[in-house]
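Take the position in the sequence shown, starting the count at 1, then add 2; the result is the number in my numbering.
All C-beta atoms in this analysis are idealised placements derived from N, C-alpha and C, irrespective of residue type, glycine included.
As structure tokens, the structure follows; a few thoughts come after it.
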Amino acid sequence: MDLKYCAREISNIALSMFRKNFFGVFHGSISARIQHDSFLINKRTTIFDNLKEEDLIMLNSKRDYRWNDASIDADIHLNIYKNINEAKYICYAMPPYLTAYTLGHSFIRPRDYFGYIKHHEIPIYDPKQFDDWYERADTEIYRYMLENKTNIMIIKGYGVYVHSRTPYQLAKDVAILENTCKLLSVARLYESERN
């Protein structure tokens, strides 16, 4: 894939996702596969509302000095790319309604049209403990996606990993999930007020 094109695509989608509060000022990650063993990912210090080409770094499977500047999620992205051929773009997002919803549930069961059409039921992965999550995440995430034949992994108290063939599909998948969780939360409030 063309490097400049991918950088523009990532920048545009990152801004949209930041404006929707899917990315924080310094948390979240987004990447694009450039070749079989190389990918473009945001740097550790990236602010997503103004992502420029210099905020991205090219990595490959051989670790070198560039990995020091890359997102903390770079190992996770690398393992998804190495093990899932369909993955062309990856993001980690922490949308507030989705993340909050995971704290009290084991599944997301959409009751809205778009959520239901896309996902009848989505399991929420419980990492059990956060103390060693980043040591386990780079293998647990891609394995979960492969074993469950899914491009989405929702993680309790942490957020969501998504891979897709286009950056727009990344944003769409996260937006549908966030909207579903928002509607479920609002509906629950209305239902509790009635009782």
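Spatial neighbours of residue i in its chain, beta-carbon cut-off 7 Å, leaving aside the 5 residues before and after
i      : result
GLY26  : MET96
ALA139 : ILE78
ALA72  : ILE43, LYS45, ARG46, ILE59 and LEU61
ASN23  : PRO97 and PRO98
Rounded C-alpha distance that separates residue i from residue j
i      : j      : result
ILE126 : MET60  : 31 Å
LEU53  : SER18  : 11 Å
PHE50  : ARG21  : 9 Å
TRP69  : ALA76  : 8 Å
THR141 : ASN14  : 29 Å
VAL188 : GLY117 : 15 Å
Of the listed residues the options, nearest to residue i (C-alpha basis)
i      : options                          : result
LEU105 : GLU149, ASP51, TYR160 and ILE92  : TYR160
LEU186 : LEU100, VAL162 and GLU142        : LEU100
LYS6   : LEU172, ILE36 and ALA16          : ILE36
HIS38  : ASN70, ASP57, LYS158 and SER63   : SER63
ILE86  : ARG65, PRO129, ASP114 and ASN150 : ASN150
LEU172 : TYR115, THR152, ILE92 and SER31  : ILE92
ALA102 : TYR146, SER194 and LEU179        : LEU179
HIS122 : ARG113, TYR170, GLU56 and TYR67  : ARG113
THR48  : TYR170, GLU195 and ALA16         : ALA16
TYR94  : SER194, ALA9, ASP4 and SER33     : SER33
GLU56  : CYS8, VAL176 and SER194          : CYS8
ILE124 : LYS130, TRP135, ASP66 and MET155 : MET155
Cβ shell of residue i (< 6 Å), same chain only, five flanking positions each side left out
i     : result
ALA89 : ILE82, TYR83 and HIS165
GLU11 : PRO169
Residue i, buried or exposed, once every other Cβ within 10 Å from all chains shown has been counted against 16
i      : result
ILE143 : buried
LEU80  : buried
PHE132 : exposed
TYR192 : exposed
Beta-carbon spacing of residue i, residue j below 9 Å
i      : j      : result
ILE110 : CYS183 : yes
Chain C contact for residue i (CB, 9 Å cutoff)
i     : result
LEU42 : In summary, chain C is missing from the structure at hand, where a single protein chain is found.
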